[in-house]
Structure formats: C-alpha cells, structure tokens
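Per our numbering, the sequence shown starts with residue 415, numbered consecutively.
Beta carbons: idealized from backbone N, C-alpha and C, even for Gly.
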Amino acid sequence: MPEPYIRISGLRRDYNMGHFYVHALAGVDLTVEKNTFTVIMGPSGSGKSTLLYLLGGLDRPSAGSIQVNGQNIEKLDENELAVYRRRTAGFIFQSFNLIASMTAVQNVAFPLRFARIGHRQRLTRANELMAKVGLADRAHHRPTELSGGQQQRVAIARSLINDPQLILADEPTGNLDTTSGMSIMHLLADLHRSGRTVLVVTHDLRMKHFATHHLYLLDGKIVSEAEYEQASSLAVESASQEAI
Ligand SMILES: Nc1ncnc2c1ncn2[C@@H]1O[C@H](COP(=O)(O)OP(=O)(O)OP(=O)(O)O)[C@@H](O)[C@H]1O
Ligand SMILES: [Mg+2]
Numbered sequence: 415m416p417e418p419y420i421r422i423s424g425l426r427r428d429y430n431m432g433h434f435y436v437h438a439l440a441g442v443d444l445t446v447e448k449n450t451f452t453v454i455m456g457p458s459g460s461g462k463s464t465l466l467y468l469l470g471g472l473d474r475p476s477a478g479s480i481q482v483n484g485q486n487i488e489k490l491d492e493n494e495l496a497v498y499r500r501r502t503a504g505f506i507f508q509s510f511n512l513i514a515s516m517t518a519v520q521n522v523a524f525p526l527r528f529a530r531i532g533h534r535q536r537l538t539r540a541n542e543l544m545a546k547v548g549l550a551d552r553a554h555h556r557p558t559e560l561s562g563g564q565q566q567r568v569a570i571a572r573s574l575i576n577d578p579q580l581i582l583a584d585e586p587t588g589n590l591d592t593t594s595g596m597s598i599m600h601l602l603a604d605l606h607r608s609g610r611t612v613l614v615v616t617h618d619l620r621m622k623h624f625a626t627h628h629l630y631l632l633d634g635k636i637v638s639e640a641e642y643e644q645a646s647s648l649a650v651e652s653a654s655q656e657a658i
C-alpha cells in the first residue's frame, strides 16, 4: 500500500491564555489521499482554520505530527518551512490578502521573487495564470479596482504561481456573492481535476457537490457526519428556544 499524501497523527494546538488553555485542536488523526477534494465543515471556533494553517506550514503544532508527501513538516526549521510553503502548499484566504500597492499581475508574480527566474519570465507566468482564472483583461488593475470575486481569483492565481500540489483554502467564498462564489468553486474543482489535492474550509453547502471527502470538526476533534448533524440540530433548537 502506498503512503497517503497526508498523514496527521495526534495533532494538538493549544493556546496558553495565562489562566487557561484553549485546545484549538485536541488530538486529530487524519489521512488524505492524493488528488482528493476534502470539504472541512464545523461551527465557528471548532479548529478549522487552525488545522489548515498547520497543514500550510503557517503555524506549528503543540504536539503530534503532520506528514505531507513523505515529509514531516513539524520537524522542519524556519528556512525549510518557508520552502515547503512556497513549493508544496498554495494557501487561499477568506480575505484575499492582496498587496494594495501592486497591480493584480504583480500580486500574482510576487511569490516568485525568491525563484531564480528573470522578471520577464515571472510576469509571463503570472499573466498566464491571470488568463486561467479569467482575468486577462484585469492584469493592471489594483486590488481596490477589482470586485471581491475578482480579487479572490487573483489570490487563487497567486497561490498557483509555484505550481503547488496541495491547495488549502480557508472559506474562499465567505466574502463573495452567490455567483462569484460559484466561479471560485469551479476553479477549485478544476485544480482537483488537474491532479492536485484540495482541502477547503467552507460553510457553503454547494461545495459538498464538488467534494470527494467530507470532514466535520467539533471542539477541535474530528467527528462523524451523524454526530455533527446532531450537534447542529441541538444548536438550532437552543437558538430557537432563546428566540422565544
Ligand atoms: N492566536 C490565538 N490565540 C488564542 N486562541 C486562539 C488563537 N487562534 C485561535 N484561537 C482559538 O482556537 C479555537 C479554534 O480557532 P479557529 O480559528 O481554528 O476556528 P474556526 O473553526 O476556523 O472558526 P471560524 O469558523 O470562526 O473561522 C477558537 O476557540 C479560537 O478562539
Ligand atoms: Mg476560521
């Protein structure tokens, strides 16, 4: 049996708040096969972003291990982790995180600044990606001159500039209207179809349609769909009682 693409064991992330600890992830075990599309769902504060940040090498675990493509990323030093972030994982944030003073195509090319390729080649590649996300005609717009959906497409193009095999998206449609959200979902589905491994945190039930796997988080732990549904219906019940 080949090793799974991602293998997470005993993963914990505790925040020391002085008088108490927040257990953002309270022991997560998970395997993810290559070229799958996993949708991660869970209520606010359940640890979804924490899990994605740890997978993206943007944060470090308190305990446990995260193996991606045979590499234990919790053991990497800062320099090695920077290389991992650049080469392996493409991260898409809810709030786009584009640099306001740069044009769209400059934003897309930005992660290539450490690569040993010339300025012209960087822009050529960035322009190709702008075309791929349907924004060839917006290359020279600054983020404030783009709609929310267009900004997210620029952010997706930027996350692809180093051709990462792992795509991590944290509520990529959270700030978008229904139609723009749909075009982002199709882009993520295309990335999955082209062989990448995609993990998406979302509250948007439409995303389930594109997924090969679903993951439910409650209080920093992975639960079954049935447990998750039960907890959600209890939450709705108590909210409606409060409303009465
Ligand atoms: N830097 C931090 N310091 C202390 N506690 C934190 C920190 N970041 C997150 N937490 C806590 O960890 C828990 C998990 O947070 P996380 O951001 O992963 O939740 P989430 O599932 O992404 O929620 P949401 O749907 O609201 O984005 C929360 O209780 C949060 O308050
Ligand atoms: Mg979050």
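Opposite THR611 in the DSSP bridges: which residues? In DSSP, THR611 forms a bridge with LEU580.
Compare the Cα-Cα distances from LEU425 to each of ILE454, LEU602, ALA477 and ALA603 and report the closest residue. Considering only ILE454, LEU602, ALA477 and ALA603, the residue with the shortest C-alpha distance to LEU425 is ALA477.
Can you say whether ARG572 is buried or exposed, counting buried as having 16 or more other CB atoms within 10 angstroms of its CB? Using a 10 angstroms sphere on the CB of ARG572, the tally of other CB atoms reaches 16 or more, which defines it as buried.
Where does ASN493 fall in DSSP's three states? Helix at ASN493.
Three-state secondary structure assigned by DSSP to SER603: According to the sequence displayed, residue 603 carries Ala and not Ser. Helix at ALA603.
Quick one: grab the DSSP three-state call for PHE507. Note: PHE507 maps to coil in three-state DSSP.
With DSSP run on the structure shown, which of helix, strand or coil describes ASN449? When secondary structure is reduced to three states using DSSP, ASN449 falls in the coil class, being assigned neither helix nor strand.
Can you tell me which residues fall inside 5 Å of ligand 1, judged by beta-carbon distance to its nearest heavy atom, and keep chain order? That gives TYR429, VAL436, ALA438, SER458, GLY459, SER460, GLY461, LYS462, SER463 and THR464.
Residue from TYR467, ALA553 and PHE528 whose Cα sits closest to the Cα of GLU542: Closest by alpha carbon: ALA553.
Straight-line Cα distance separating GLN565 from SER597: C-alpha separation (whole angstroms): 12 Å.
When the Cβ atoms of the region 529-539 are set against those of the region 600-610, are three or more pairs found closer than 8 Å? Because the criterion of three Cβ pairs below 8 Å is not met, the region 529-539 and the region 600-610 do not touch.
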